[in-house]
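If you use the numbering used here, the sequence shown corresponds to residues 50 to 623, in order. Where is the CB? At the ideal position from N, CA and C, for every residue including glycine. Remember, it's a predicted structure, so these values are computed and weren't measured experimentally. Reviewing the structure listed below.
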Amino acid sequence: MTALDWVLVVAIVVLGALVVAGLVLGARALRQMRSDRADAQERQDQAVGAAQAKVADANAKAASVRAEVAAAKAEATAARAEARRVLEDAHSEADTILERAHRQAEADAEQVRSAARRSGEREVALLNATAKEQAAEVERRAARIDERERLHGDEVERLVERERRLAAQDADLVGRENALTTRESELADAEKQKRRELERIAKLTADAARAELVENIEAQAKREAAIMVRDIETEAKSTADNRARRIVVDAIQRIASEQTAESVVSVLHLPSDEMKGRIIGREGRNIRAFESVTGVNLIIDDTPEAVLLSCFDPVRREVGRLTLEKLVLDGRIHPHRIEEVYDSAKNEVEVLCDRAAEEALVDVGITDIHPELAKLLGRLRYRTSYGQNVLKHLVETAHIAGIMAAELGLDVPSMKRAAFLHDIGKALTHEVEGSHALIGADLARKYGESEDVVHAIEAHHNEVPPQTIEAVLTQAADACSGGRPGARRESLEAYVKRLERIEEIAAGKVGVEKVFAMQAGREIRVMVRPDDIDDIGAAVLARDVAKQIEEELTYPGQIRVTVVRESRVTELAR
């Protein structure tokens, strides 16, 4: 391709660029026009009813845009004319440029040849220098390799020498091991010879001597253990007895209870003897109605200004007493009035029972209890046991058990709860068959009491053998409350005489050495001579004493007879 052709190409490219620029400007103007038109149309749509001034402004802008488009078209036409003119000028200038370029190309080629020559010379010099440096580096590496080979040879020689020394040491160790093996076999033979000689001298084998030594050590250890156990048991019994006495005495001393318990009043005093006739009524109508409604027997005798109420149910008897008292105060006594007053008295007694139960629970410190159990506890306000009020007996027993539990480090609330509920069965003794202890245990189990409380209730009279400390302490607190002098309806003289008679009955038997009445007469311990009475005779003696006590004496509760037959062997160590 000649220089003219290059000029033509350049001119065509320039002309094309101008055309493209014109087209781009026209397109940009068109896009601007379309954009402005769209904006004007959108603004016109958004502000159709807003103002006519904005519409005029939009039209003016549209006219301006059209004018710009016309100007752009004129510019494009002028650009095309300018491009033709430039193309023509380019053709004429291309010839000149081509000739000038030819001359310039020859000059440039000569310069390139000279520059290439100089560059080749520089490359050859650089390659020669590089080759010399590489040769020097190869020589240095060869020297380092030779040095490493020399060092490696020295290391190999040292390793060979070390292997020779190790081989010598192994041989020495093998010799020593053989010598030690021989020495050990000699020592074993000497040990066997020594053992045989010792066995010959002692006339015992090693196993027999070992067994004899173990037997002697075992016998000595057993003897020392027996002595230690005996001393520990003696000390424990002494400590336990003293502590038990102190706890019981302290508990009783800290309880300030009444010496004599109140009894339920069953005698009603009248203002005059004329009231007896009104109580009886015409042909006994009033008294029959009273007994029919209340279930209480009304006894009217020659006692001046007094009548007697008799009933096995203490609550029912109290309701009858209040009913008769209100009738006497009111003066109107007839069957219909009796029924009205009976209902009022019954409600009053229930309120009194609930109040008594609440006071007792507050006194003991029990807050969470089933309402039915609280109602049954209130009924015990009018229940007595040998003249002792049962509800007060429960409160007293709970306090004693709490003090004992505190001294022993036990759970005081649980202990007081078990002792307070131990006679709950007496509220239903006349309604349900069975012992009040078992009845109370069934009630406590029914109303959600814990198994420890239930067991303490059912075991406090030994219908069930006591298995827990709560049961044992409940028995002890019950005995302390009910067995103290004056707690129940029994004079001190009769109490002392009964204890003396119990001891006399047991002391009159053959072979008896000592007799002790304990636990306020609830237990008797009989010490017998072991040479005169054997074990079978002790069982017969206990049964005979219990049978004679049952036949001759009257007493509350039960009396336990314990026969103790003890053999002692004493030796002195000098």
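Open item on the list: Can you look up Ser-434 in the DSSP assignment and give me helix, strand or coil?
Closed with: By 1-based counting over the sequence shown, the position of residue 434 is 385. Looking at Ser-434 - three-state DSSP - the assignment turns out to be strand.
Open item on the list: Give me the DSSP bridge partner(s) of Val-316.
Closed with: In the sequence shown, counting from the first residue as 1, residue 316 sits at position 267. Val-316 is bridged to Leu-357.
TODO: Taking only the alpha-carbon atoms, compute the straight-line gap between Ala-468 and Gly-606 and give it to the nearest angstrom.
DONE: The count along the sequence shown starts at 1 and reaches residue 468 at position 419. The count along the sequence shown starts at 1 and reaches residue 606 at position 557. Near 17 Å, if we compare the C-alpha coordinates of Gly-606 and Ala-468.
- [ ] Leaving out five residues on either side along the sequence, give the residues of the same chain with a beta carbon under 6 Å from the beta carbon of Glu-388.
- [x] Here residue 388 refers to the residue found at position 339 of the sequence shown. Cβ neighbours of Glu-388 beyond the five flanking positions: Val-342.
Open item on the list: Let's see if you can read the secondary structure: which residues bound the alpha helix (DSSP H) around Leu-492?
Closed with: Numbered from its first residue, the sequence shown carries residue 492 at position 443. Here the alpha helix (DSSP H) through Leu-492 covers 485-495.
Task: Neighbourhood of Asp-322 by C-beta distance below 7 Å, restricted to the same chain and skipping five residues each side - done: Taking the first residue of the sequence shown as position 1, residue 322 is located at position 273. Taken in chain order, the residues that qualify are Pro-353 and Glu-354.
Open item on the list: Give me, in chain order, the residues of the same chain whose beta-carbon lies closer than 7 Å to that of Gly-451; leave out the 5 immediate sequence neighbours on both sides.
Closed with: Taking the sequence shown and counting its residues from 1, the one referred to as residue 451 is at position 402. So the list reads Val-461, Met-464 and Lys-465, once near-sequence residues are dropped.
- [ ] Assign Leu-459 to one of three DSSP states: helix, strand, or coil.
- [x] Residue 459 sits at position 410 when you count from the first residue of the sequence shown. When DSSP states are grouped into helix, strand and coil, Leu-459 belongs to the coil group.
Task: Opposing strand residues paired with Arg-614 [DSSP bridges] - done: In the sequence shown, counting from the first residue as 1, residue 614 sits at position 565. Paired residue(s): Val-577.
Open item on the list: Excluding the 5 residues flanking Asp-583 on each side, which residues of the same chain have their C-beta closer than 8 Å to its C-beta?
Closed with: As a first step, residue 583 is located in the sequence shown; it is residue number 534 there, counting from the start. Cβ neighbours of Asp-583 beyond the five flanking positions: Arg-614.
TODO: For Leu-136, I'd like the list of residues in its chain whose CB is within less than 6 Å of its CB, leaving aside the five on either flank, ordered along the chain.
DONE: The sequence position of residue 136 within the sequence shown is 87, counting from 1. So the qualifying residues of the chain are Ala-60 and Leu-64.
- [ ] Go ahead and label Val-413 buried or exposed: buried means 16 or more other beta carbons lie within 10 angstroms of its beta carbon, across all protein chains shown.
- [x] To locate residue 413, count along the sequence shown from 1; it is residue 364. Buried, by the Cβ-count rule.
Task: Terminal residues of the beta strand (DSSP E) in which Ile-329 lies - done: Looking up residue 329 in the sequence shown gives position 280. First-last for Ile-329: 323-329, but that is the alpha helix (DSSP H), not the beta strand (DSSP E).
Task: Whether Asp-527 touches His-509 by CB criterion (8 Å) - done: On the sequence shown, residue 527 is found 478 positions in, with the first residue counted as 1. On the sequence shown, residue 509 is found 460 positions in, with the first residue counted as 1. A contact, by the Cβ cut-off of 8 Å.
- [ ] Taking only the alpha-carbon atoms, compute the straight-line gap between Gln-308 and Ser-530 and give it to the nearest angstrom.
- [x] For this step, residue 308 is matched to residue 259 along the sequence shown. For this step, residue 530 is matched to residue 481 along the sequence shown. Note that Gln-308 has pLDDT 43, beneath the 50 cutoff, so the model's placement of it is unreliable and no number is given.
Open item on the list: What would DSSP say about Asn-396, mapped onto helix, strand or coil?
Closed with: Along the sequence shown, read from residue 1 onward, the residue named residue 396 stands at position 347. The answer is helix: DSSP assigns Asn-396 an H, G or I state.
- [ ] For Ala-310, count neighbouring Cβ atoms within 10 angstroms of its own Cβ and tell me buried if that reaches 16, exposed if not.
- [x] Working through the sequence shown from its first residue, we reach residue 310 at position 261. A caution first: Ala-310 carries a pLDDT of 41, below 50, which makes its placement in the model too unreliable to give a value.
Task: Element boundaries [beta strand (DSSP E), containing Asn-346] - done: If you number the sequence shown from 1, residue 346 lands on position 297. Note, Asn-346: beta strand (DSSP E), 346-348.
TODO: Report the option in Val-610, Pro-579 and Tyr-604 whose CA atom is closest to the CA atom of Asp-593.
DONE: Taking the first residue of the sequence shown as position 1, residue 593 is located at position 544. Considering only alpha carbons, the answer is Val-610.
- [ ] For Leu-522, count neighbouring Cβ atoms within 10 angstroms of its own Cβ and tell me buried if that reaches 16, exposed if not.
- [x] As a first step, residue 522 must be located in the sequence shown, where it is residue number 473. Buried, by the Cβ-count rule.
- [ ] Answer with buried or exposed for Thr-619, where buried requires no fewer than 16 other C-beta atoms within 10 angstroms of its C-beta.
- [x] Within the sequence shown, residue 619 is the residue found at index 570, counting from 1. Exposed.
- [ ] List the endpoints of the continuous alpha helix (DSSP H) containing Gln-597.
- [x] Working through the sequence shown from its first residue, we reach residue 597 at position 548. Here the alpha helix (DSSP H) through Gln-597 covers 584-601.
Open item on the list: Tell me the DSSP secondary structure of Ala-210 in three-state form.
Closed with: Here residue 210 is taken as the residue at index 161 of the sequence shown, counted from 1. Residue identity check: residue 210 is Glu in the sequence provided, not Ala. In the structure shown, Glu-210 sits in a helix (DSSP, three-state: H, G or I).
Open item on the list: Please list the terminal residues of the continuous alpha helix (DSSP H) segment that includes Pro-420.
Closed with: Stepping through the sequence shown from its first residue, residue 420 is reached at position 371. Counting along the chain, Pro-420 sits inside the alpha helix (DSSP H) bounded by residues 420-428.
TODO: Please work out which residues of its chain come closer than 7 Å, Cβ to Cβ, to Ala-587, disregarding the five sequence neighbours upstream and downstream, and give them in chain order.
DONE: Translated into the one-based positions of the sequence shown, residue 587 becomes position 538. The residues are Val-577, Val-612 and Arg-614.
Task: Val-398 vs Val-444 beta-carbon contact at 8 Å - done: The sequence position of residue 398 within the sequence shown is 349, counting from 1. The sequence position of residue 444 within the sequence shown is 395, counting from 1. Contact annotation: Val-398 and Val-444 have beta-carbon atoms that are not nearer than 8 Å.
Task: Three-way DSSP call (helix, strand, coil) for Glu-498 in this model - done: For this step, residue 498 is matched to residue 449 along the sequence shown. The answer is coil: DSSP assigns Glu-498 none of H, G, I, E or B.
Open item on the list: Tell me the rounded alpha-carbon separation between Ala-112 and Ala-76.
Closed with: To locate residue 112, count along the sequence shown from 1; it is residue 63. To locate residue 76, count along the sequence shown from 1; it is residue 27. Answer to the nearest angstrom: the Cα atoms are 18 Å apart.
TODO: Name, in chain order, the residues that DSSP records as bridge partners for Val-561.
DONE: Here the question's residue 561 lines up with position 512 in the sequence shown. Per DSSP, the beta bridge partners of Val-561 are Val-577.
Task: Among Leu-602, Lys-495 and Leu-457, the one whose alpha carbon lies nearest that of Glu-549 - done: Translated into the one-based positions of the sequence shown, residue 549 becomes position 500. Closest option to Glu-549, Cα to Cα, is Leu-602.
- [ ] Compare the beta carbon distance of Ile-518 and Leu-426 with 8 Å and say whether it is the shorter of the two.
- [x] Here residue 518 corresponds to residue number 469 of the sequence shown, with the count starting at 1. Here residue 426 corresponds to residue number 377 of the sequence shown, with the count starting at 1. In this structure, Leu-426 does not lie closer than 8 Å to Ile-518 by Cβ.
Task: Enclosing alpha helix (DSSP H) for Ala-476 [first to last residue] - done: Numbered from its first residue, the sequence shown carries residue 476 at position 427. That residue, Ala-476, is in no alpha helix (DSSP H); it is neither H nor E in DSSP.
- [ ] Tell me whether Arg-623 is buried or exposed, calling it buried when 16 or more other Cβ atoms sit within 10 Å of its Cβ.
- [x] Within the sequence shown, the letter at position 574 stands for residue 623. By the neighbour-count rule (16 or more Cβ atoms within 10 Å), Arg-623 is not buried but exposed.
TODO: Please say whether Tyr-496 and Leu-422 have beta carbons closer to each other than 8 Å?
DONE: Locating residue 422 in the sequence shown gives position 373, counting from the first residue. Locating residue 496 in the sequence shown gives position 447, counting from the first residue. Yes, Cβ-Cβ distance for Leu-422 and Tyr-496 is below 8 Å.
Open item on the list: Please report the straight-line C-alpha distance between Arg-331 and Glu-340, rounded to a whole angstrom.
Closed with: Here residue 331 corresponds to residue number 282 of the sequence shown, with the count starting at 1. Here residue 340 corresponds to residue number 291 of the sequence shown, with the count starting at 1. Cα atoms of Arg-331 and Glu-340: separation of roughly 15 Å, rounded to the nearest angstrom.
Open item on the list: Does Leu-621 come out as helix, strand or coil in the three-state DSSP assignment?
Closed with: Locating residue 621 in the sequence shown gives position 572, where the first residue counts as 1. Of the three classes helix, strand and coil, the one that applies to Leu-621 here is coil, per DSSP.
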